[in-house]
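Q: Residue numbering for the sequence shown follows our numbering, beginning at 2 and increasing consecutively. C-beta atoms are modelled at their ideal positions from N, C-alpha and C, and glycine is treated no differently. Quick caveat: nothing in here was measured; it's all calculated off a predicted structure.
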Amino acid sequence: MPKSVKKPCTTQTSISRYFGGLSSSSSRPQCGIKPNPAEHRLSRGKLKLSSGDEDGLPSKRTKLAVKGHQVEDVQCEPGPSQSVKEAKPTLNRGGGGEGGGRGGLCSSTLEKLKGFSCMMADPFLRAIEDETKMDDRSGKSSNMRSSVSPSFVDSHQQISKTLPGTEKKRDYETQNHDEEDPELAVTNLGFCLSKITKSGGREGGKVAESPSDSSAPCRRSRSTYTPLEQQVMELKQQHKDVLLAVECGYKYRFFGEDAEIAAKELNITCHLDHNFMTCSIPTHRLFVHVRRLVSHGHKVGVVKQTETSALKASGTNRNALFSRQLSALYTKSTLVGEDVNPVCRVADVEEGGCADVVSDPPDSFLLCISENWDKVKKQLSVGVVAVQPSTGDVFLDCFPDGPSRSELEGRILRINPVEVLVPSDLSDQTSKLLLSIANASAQTDDRIRVERRDSAEFEFTSAMNAVVKFYCHTPEKDSRSLSSVASFDSPVICCLGPLIQYLQEFNLERVLRNESSFRHLSSESGGMKLSAATLRNLEILNNQTDGSVRGSLLWVLDHVRTPFGRRLLRKWVSQPLTEPQCIAERQDAVQEMMESDSITLNSIRSLLSHLPDLERGICSIYHGKSSTQEFFLICSSLSRLGLELQALLPAVQAQIRSSLLRSLLLDTPDLLAPAHGFLKVLNEKAAKSGNKTELFSDLSGFPTLQERMNQIQSVLAEIQAHRKEVRLVLKAPALDYVSVSGQEFLIEVKNSLSTIVPPDWVKISSTKTVSRYHSPLLVERYKKLQQLREQLLLDCQREWTRFLDQFGEHYHTMKRAISHLATTDCLLSLAEVAKQGNYCRMGASDNIFKGRSTFMEELTEASEIISQATERSLVILDELGRGTSTHDGIAIAYATLEYFIRDVKSFTLFVTHYPPLCELEQVFPQHVSNFHMAFLLTEPDVTTDDGEVQPEFITFLYQLTKGAAGRSYGLNVARLADVPDPILHTASHKARELESLVNARRKYKKLLSALWSICDKSSLEKWLQSNS
């Protein structure tokens, strides 16, 4: 709760629903901040009412917390029976100032309130009207000086009862005392109205707008905002779509609409402070709350103070507000930095110490999509660039696509982005696809965040300009040359340009500079391309029940020990190998892990357990956003792995036979070697505590820090030497400095001896028994010491940034080593699964979010398979044609299967319940074989005495048997599903009728065919005799 500060008893004059600053000359809101709609105030004895711009104010209720109470605003919508009487104007002709008469409301002001009424405000308005009439009758207004009418006081007291805390002392944060002008902060008395509408009344749910109100200028001047509020308004103007967390002392505060959103998402209190709603979070919990806001799809900005108190006190702007600027931005794909990456030990996580921290998803890709319609070819080309700023992975692709966007869907499912960057004029088909994918997730936190950007950024000319500007100023080695980037397809360029501009807002664009980071999705390592239908129907990555990983093939195979291993396993599953040599190498490694009892492999399993996310850690360092705690954890883990793997090298060479395993384990120690040197430079205790002033154990490589430390030691020596003089003055040979509440070098003197204290000494603090002083020299030297210490902090931050850049030079080497560890982890996981023999299931469904039925979904998938299948493909089609009439379904299924047999000649598994398709075995006997799942008929159909038909009872054997099934046994499946017996009996009776009808037709057709072939009398007689 806010702290109470002793100030004159005042009442807050306004309630703000939204951020919005207004200049003194315009009613147009600034930066999305809206001041409170109505403000009643007493100023110098005058009663004034000023109305602000009420455009866009929401009609929702807002809970206000005042001094521990939660009060719900009264909904200020007048009922049909409510009305406001028009008061006659009262003019004060006695002059202004204190000599003026009693303050009244002019007719124009009352006109603005006409039609507006609520239960809370009615007494006030009636009181004004009564007082106005009284003024007209009595004419005694000139005798009233600096007073408030009794009716106003009564109405104000009634409002105070309605809103507890409006008469209480204002709540402020300690840090604001120095920053905010008290004269600006405490200017007005009055009451708070939650909302004032333009119209003045509602009839039949419609608002009748008053012409005089629609263009009324705002009466609020800029001077009514505190300096802090003005500063926040300027920041908000620059970052309108960002929730700003503003550093104020030991808290981060949200203002206006940002505060209301943050309070709702974080479940914290939102209260009124000056002109805006506000809520706050403690500094040490910033990472928790930022992550929670980001997980709900918000873009969050952290605004920090850029000045320190001691350096500011010595500057020319010592009396000005602390300067602040946006230091970091965060979204779902850009959670990289000290503010959001706290270091939690494994033990903390196991004990629940970080239970309220929103964890990172396995992948956090940012995907950029561009569309280009070729009018000549009448074809849509789609470009995609996906980047994971937290790991440095970059994928790109360009491909043609149809109205169903099946190609794009397959790539989105493989990439699994958490955020998508699209132009504002994105096509409806693609928008529907993104919506369907987002809605497939049962959890709000798992849904894709869509960022719509100006479509001009996606135009080829604009995008190419951004690309050229970016890659022409790339001093790093191993960075992509402009010529190689310019060779990309134009749809890819149209993605890369906006992506560069977007990541530059987060200072994360560095991952796009390196040659080794870029990979093509379509041809990555020769892997198999799995379509969206395959990934979805076979539940490769997610199940079709709730869209989660549980139950999918990936879930079955996932026994990895590291986060970076889990990311690699997903790539393996979504893009299986096709090269026989690579497949054989993997199989050999898995087989050796299964069969070997080597202690070496057990040691490697142990090494991979309880590791931090090394891949994200080194990328955070590469971006220059790592904290000292995170750096020490990552660097010490890399160094330990390198040393322990180095010790295992002789055993690996002697015991491991797999060529793949040997190359992975033998190369890794050398790749991790640079980590040892960086770890030796650090002071472990200082690194773990985040103390950058003592971070480097050897300052020989940091001359700037060494010089600053020498300056500090010199000042400390002067202060310590000054004790001799102090002891002589106070005649206390054993006297020493004391420190109290952060104040150092205090000279403590008993109050009984205060007479001997020199008059030029400055008293800092005191108690009943002692007083504490600074001598003039201590005042001057202590001020200098504080300045040097704060300058040291700035120097240390610069050296820390340089230190991170030096480590970043080894980023690609370290990344390769971590890739080796991830591969080893995945192989160990596959070996564990191979021992267990788990299985997963497959399924199918419609896609109502994309407006496609099951049948449409089937035919779309079939069309995609037909267009891409080759002689080397494995084609699986299940129940094609089931979503339409029997004849159409059979015709589509027959023609499709015949096409695969005759033209494509692929290995095809075609599952169907249509008996006519079995005839293709006779047409193509060398290429087609019929099979069915075997069963055992234990109880045939039985007709009871009362005519009821009992369905047969069979046992499915789950054995693939040659030949077509004689009939369908769907009723037995219905029995297994516990369909009620009356329905089963009716269905059995109907099935027997239909079967008899079909058999009769077949028999009639057969007889007619035989009769048609008769050509003599004897044959006709035989036919008649056999069929009589």
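What does the alpha-carbon distance come out to for the pair residue 825 and residue 542?
A: Rounded to whole angstroms, residue 825 to residue 542 spans 21 Å at the Cα level.
Q: In chain order, which continuous runs of the alpha helix (DSSP H) of length 4 or greater are located wholly inside the stretch 804–836?
A: Segments of the alpha helix (DSSP H) lying fully in the stretch 804–836: there are none.
Q: Would you please state the rounded distance, in angstroms, between the beta carbons of residue 330 and residue 507? I believe it to be under 8 Å.
A: The C-beta distance from residue 330 to residue 507 rounds to 5 Å, short enough to fall under 8 Å.
Q: Look at the alpha carbon of residue 729 and the alpha carbon of residue 696, and state the distance between them as a whole number of angstroms.
A: 39 Å
Q: Hey, could you find the ends of the alpha helix (DSSP H) residue 594 is sitting in?
A: Unbroken alpha helix (DSSP H) run through residue 594: 581–596.
Q: To which residues of the same chain is residue 375 closer than 7 Å at the C-beta, ignoring the five residues directly before and after it?
A: 382
Q: Look at the alpha carbon of residue 997 and the alpha carbon of residue 1004, and state the distance between them as a whole number of angstroms.
A: 10 Å
Q: Considering only heavy atoms of the ligand ZN, does any lie closer than 6 Å to the CB of residue 230?
A: No copy of the ligand ZN occurs in the structure displayed, which carries no ligand at all.
Q: For a test of the three-state rule: what should DSSP assign to residue 979, helix, strand or coil?
A: coil
Q: Rounded to the nearest angstrom, what separates residue 922 and residue 585 at their Cα positions?
A: Distance between residue 922 and residue 585, taken at the CA atoms: about 36 Å.
Q: Can we say the stretch 808–815 touches the stretch 764–784, given the rule of at least three CB pairs closer than 8 Å?
A: no
Q: Measuring CB to CB, does residue 643 end up less than 7 Å from residue 673?
A: yes
Q: From residue 972 to residue 573, what does the alpha carbon distance come to, in whole angstroms?
A: Cα to Cα, residue 972 sits roughly 42 Å from residue 573.
Q: Does the distance from the CB of residue 280 to the CB of residue 263 come in under 7 Å?
A: Residue 263 is positioned such that its CB atom lies closer than 7 Å to that of residue 280.
Q: Any contact between the stretch 627–634 and the stretch 334–342? By contact I mean 3 or more CB pairs, one from each, below 8 Å.
A: yes
Q: Please list the terminal residues of the continuous beta strand (DSSP E) segment that includes residue 775.
A: Taken as a continuous stretch (DSSP letters only), the beta strand (DSSP E) holding residue 775 covers 771–775.
Q: At what residue ranges does the stretch 667–751 contain a whole run of the alpha helix (DSSP H), taking only runs of 4 or more?
A: Whole alpha helix (DSSP H) segments, 4+ residues: 675–682, 685–690, 704–731.
Q: Scan the stretch 390–470 and note each continuous alpha helix (DSSP H) run of 4 residues or more that stays entirely inside, going in chain order.
A: 407–416, 429–440
Q: Beta-carbon within less than 6 Å of residue 808's beta-carbon, same chain only, minus the 5 sequence neighbours each way: which residues are those?
A: Short of 6 Å from the beta carbon of residue 808, and not among the five residues preceding or following it, lie these beta carbons of its own chain, in chain order: 622, 679.
Q: Helix, strand or coil: how does DSSP classify residue 169 here?
A: The pLDDT assigned to residue 169 is 34, lower than 50, so where the model puts this residue is not dependable; a value taken from the coordinates is nonetheless given after this. Here residue 169 sits in coil by DSSP.
Q: Who pairs with residue 368 in a beta bridge, going by DSSP?
A: 387, 421, per the DSSP bridge assignment.
Q: In whole angstroms, what separates the C-alpha of residue 713 from that of residue 272?
A: 44 Å
Q: Output the distance between the C-alpha atoms of residue 529 and residue 409, rounded to the nearest integer angstrom.
A: Each residue's Cα considered, the two are about 16 Å apart.
Q: Going along the chain, which residues of its own chain have a beta-carbon closer than 7 Å to the beta-carbon of residue 332, five neighbours each way excluded?
A: Cβ within range, chain order: 295, 300, 420, 450.
Q: Taking 7 Å as the cut-off, decide whether the C-beta atoms of residue 456 and residue 492 are in contact.
A: no
Q: Going along the chain, which residues of its own chain have a beta-carbon closer than 7 Å to the beta-carbon of residue 663, five neighbours each way excluded?
A: 653, 657
Q: To the nearest angstrom, report how far apart residue 288 and residue 227 are at their CA atoms.
A: Near 28 Å, if we compare the C-alpha coordinates of residue 227 and residue 288.
Q: Buried or exposed: where does residue 1027 fall if 16 or more other Cβ atoms within 10 Å of its Cβ makes it buried?
A: Under this definition residue 1027 is an exposed residue.
Q: Ignore the nearest five residues each way along the sequence and tell me which others in residue 298's own chain have a CB closer than 6 Å to its CB.
A: 450
Q: Quick check on the burial criterion: 16 or more other C-beta atoms within 10 angstroms. Buried or exposed for residue 1016?
A: Residue environment for residue 1016: exposed (fewer than 16 other C-beta atoms within 10 angstroms of its C-beta).
Q: Please report the straight-line C-alpha distance between residue 676 and residue 638, rounded to a whole angstrom.
A: 9 Å
Q: Helix, strand or coil: which one does DSSP assign to residue 556?
A: In the structure shown, residue 556 adopts helical secondary structure according to DSSP, grouped into three states.
Q: Let's test the definition: count the other Cβ atoms within 10 Å of the Cβ of residue 752 and tell me whether it reaches 16, buried, or not, exposed.
A: exposed
Q: Under three-state DSSP, which class holds residue 226?
A: In the structure shown, the three-state DSSP call for residue 226 is coil.
Q: State the DSSP-derived secondary structure class of residue 249, mapped to helix, strand or coil.
A: strand
Q: What residue range is occupied by the uninterrupted beta strand (DSSP E) comprising residue 529?
A: Premise fails: residue 529 is in no beta strand (DSSP E) and is neither H nor E.
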